[in-house]
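Throughout the sequence shown, residue numbering follows numbering that gives the first Met the number 0, covering 0 to 438 in sequence. Report on one structure; see the data block that follows.
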Amino acid sequence: MGLDKMGNVIILGSQWGDEGKGKIVDLFSDRFDIVARYQGGHNAGHTVFIGEKKFVLKLIPSGILRPGKQAVIGNGLVIDPAALLAEIESLESAGVEVTRNLFISNRAHVLFPSHRMMERMSEGRPGRVSIGTTSRGIGPCYEDKIARRGTRIADLLNPPVFRRQFDSVMQEKAEIARALDIYEELDLCAIRAQYEAFGERIRPMVRDTAMLLNQAIAAGRSILFEGAQGSMLDIDHGTYPFVTSSSATAGGACTGTGVPPTRIHGVIGVSKAYITRVGGGPFPTEALDHDGEEIRSRGKEFGAVTGRPRRCGWFDAPLLRYTAAINGFDSIVITKLDVLDTFDRIPVCAGYRAGGQDICEMPPTVDEIEKLEPVYECLPGWQTSTFGIDSYDALPAKAKDYLAFLESRTGVEIGSISTGPERNQTIVRAGSRFQSLVG
Ligand code: GDP
Ligand code: IMO
Ligand code: MG
């Protein structure tokens, strides 16, 4: 691809989510024509600050905050129409133009209250592994999709088809729920009518978005693909079963939008200068001590969707090498560097050991990941504020050394650094691959 013309780029999380994707996508979306989400649902929570205003995007791509840009909800998403409409209303009341710029795939799946009911069952049932989900019904909705009994947006817009599908699926769900003794009385007629009304409200935004995107590309327009969750929460490549139910990694951008791999020009990973995780599951570099507390309070590490405290720990280089391999990162963005400003020493996990051996590949099972012993190298902290710094040269020497160390241990270029939640608190490194892709 000639670098004079903007290509199509995927930006996604390289850890367990909440890396600051929303801020990065919002910032760089002005260089693209369209921003498209490709997976997940309203389990995502992307917080973006623009001046005094705070926006939390859940289903709608962060690019919607840029006037005149188009935003696409691709076929790979599961949509709770009530959550979508509430998000549209809250954005519009804050002065963001949504309905004219948002396009929703006719092939995306519809999430129902029964999905939340089924999730309560799987999360609460004795003997079942509790994943610590966001309780939004995401997993059960994807279960229905894969089981080929899901309802898609196109079905919702076809009342006779929708009624038939809804009645038969809900009857089946009620039988299962009764058999498992978790049945909650749902007023199915009211829910059906409510969903039909939702369908009418979103109808003007529904398109064949795969065609819309491919036609846009043919006309020379550029697309930024926005990942939700993170690579280690990917259904195939993450810490299964402590994952979400969708393809958060780069491949998901193609299946989740209908844009072919031959039209993608770059992949950028977003990573914190440390690491966090919400919910259950293995976490080799978790800091369960005072340092973990300090990261949490300085980084305000509380979930944007559920408010849960995020588990905090040190940067994990082998984990990033793994996610770089499966996503093919051209460059990474390191966010929240400023959160580490106060530490006098900063451990970085450079490798794993288990049973007296070096472990060079990410093990496939939770049992094995739990047995990993991180091998830390400690770097000196810079102990001065980096908050808001917007040029690489202005960073303290020890912060530059820290970044150079991460680069050397991950083997991936650090093309951009974020030093605060606001758009202008960002560094783009001159001459980087990152700059050529989005700068
Ligand atoms: P996402 O899910 O990947 O979009 O990330 P979240 O929005 O859930 O969490 C990231 C949080 O960190 C948000 O509250 C951002 O406003 C904030 N944030 C992003 N980048 C920076 C940064 O460089 N420094 C600081 N202090 N906060 C940041
Ligand atoms: P963003 O896009 C962090 C986690 C949940 C749970 C697991 C499965 O803001 O980075 P789910 O409700 O998806 O079935 O829960 O995945 N999880 C996230 N963690 N950030 C997210 O999204 C997440 N979305 C889901 O905490 O462990
Ligand atoms: Mg988040």
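Where is the CB? At the ideal position from N, CA and C, for every residue including glycine. These figures come from a predicted structure and were not determined experimentally.
Contact set for residue i: own chain, Cβ-Cβ below 6 Å, skip 5 residues either direction
i, result
"residue 101", "70, 204"
"residue 136", "110, 114, 115, 118"
"residue 48", "420, 421"
"residue 155", "109, 161, 198"
"residue 377", "344, 346"
"residue 60", "34, 36, 70, 225"
"residue 106", "74, 151"
"residue 440", "Since the first and last residues shown for the chain are 0 and 438, residue 440 lies out of range."
"residue 83", "58"
"residue 393", "none"
Burial state of residue i (16 or more Cβ within 10 Å)
i, result
"residue 439", "Since the first and last residues shown for the chain are 0 and 438, residue 439 lies out of range."
"residue 98", "exposed"
"residue 145", "exposed"
"residue 1", "In this predicted model, residue 1 has a pLDDT of only 39, less than 50, meaning its place in the structure is not dependable; the value taken from the coordinates is given anyway. Flag for residue 1 reads exposed."
"residue 439", "This structure does not reach residue 439, given that the chain is present from 0 up to 438, and the question cannot be answered."
"residue 420", "buried"
"residue 186", "exposed"
"residue 382", "exposed"
"residue 27", "buried"
"residue 363", "exposed"
"residue 67", "exposed"
"residue 236", "buried"
"residue 76", "buried"
"residue 214", "exposed"
"residue 415", "buried"
"residue 261", "exposed"
"residue 309", "buried"
"residue 167", "exposed"
"residue 526", "The chain is shown from 0 up to 438; residue 526 falls before or after that span and cannot be answered."
"residue 188", "exposed"
"residue 222", "buried"
"residue 379", "exposed"
"residue 65", "buried"
"residue 430", "exposed"
"residue 307", "exposed"
"residue 270", "buried"
Integer Cβ distance of residue i from residue j, believed to fall under 8 Å
i, j, result
"residue 500", "residue 391", "The first residue shown for the chain is 0 and the last is 438, placing residue 500 beyond what the model contains."
"residue 13", "residue 328", "7 Å"
"residue 86", "residue 57", "6 Å"
"residue 44", "residue 302", "7 Å"
"residue 208", "residue 104", "4 Å"
"residue 417", "residue 322", "Contact doesn't hold; Cβ gap of about 18 Å is too wide."
Any non-hydrogen atom of ligand 1 closer than 8 Å to residue i Cβ
i, result
"residue 170", "no"
"residue 17", "yes"
"residue 337", "yes"
"residue 298", "yes"
"residue 269", "yes"
"residue 417", "yes"
"residue 265", "no"
"residue 341", "no"
Contact test: residue i Cβ vs ligand 3 heavy atom, cutoff 8 Å
i, result
"residue 25", "no"
"residue 304", "yes"
"residue 6", "no"
"residue 226", "no"
Ligand 2 heavy atom lying under 8 Å from the CB of residue i
i, result
"residue 39", "yes"
"residue 135", "yes"
"residue 236", "no"
"residue 45", "yes"
"residue 74", "no"
"residue 62", "no"
"residue 277", "yes"
"residue 53", "no"
"residue 382", "no"
"residue 241", "yes"
"residue 42", "yes"
"residue 439", "No answer is possible for residue 439: it lies beyond the span of the chain, which begins at 0 and ends at 438."
"residue 145", "no"
"residue 123", "no"
Cutoff 7 Å; reference residue i; Cβ partners in own chain excluding five residues on either side
i, result
"residue 220", "32, 33"
"residue 423", "389"
"residue 173", "182"
"residue 139", "114, 117, 118"
"residue 164", "150, 154"
"residue 432", "329, 330, 412, 414"
Near ligand 5: residue i beta-carbon under 8 Å from a heavy atom
i, result
"residue 21", "As for ligand 5, it is missing from this structure, which binds only ligand 1, ligand 2 and ligand 3."
Sequence-distant residues of its chain with Cβ nearer than 8 Å to residue i (five each side left out)
i, result
"residue 211", "71, 102"
9 Å Cβ cutoff, residue i in contact with chain D
i, result
"residue 344", "No chain D is present in this structure, which holds just one protein chain."
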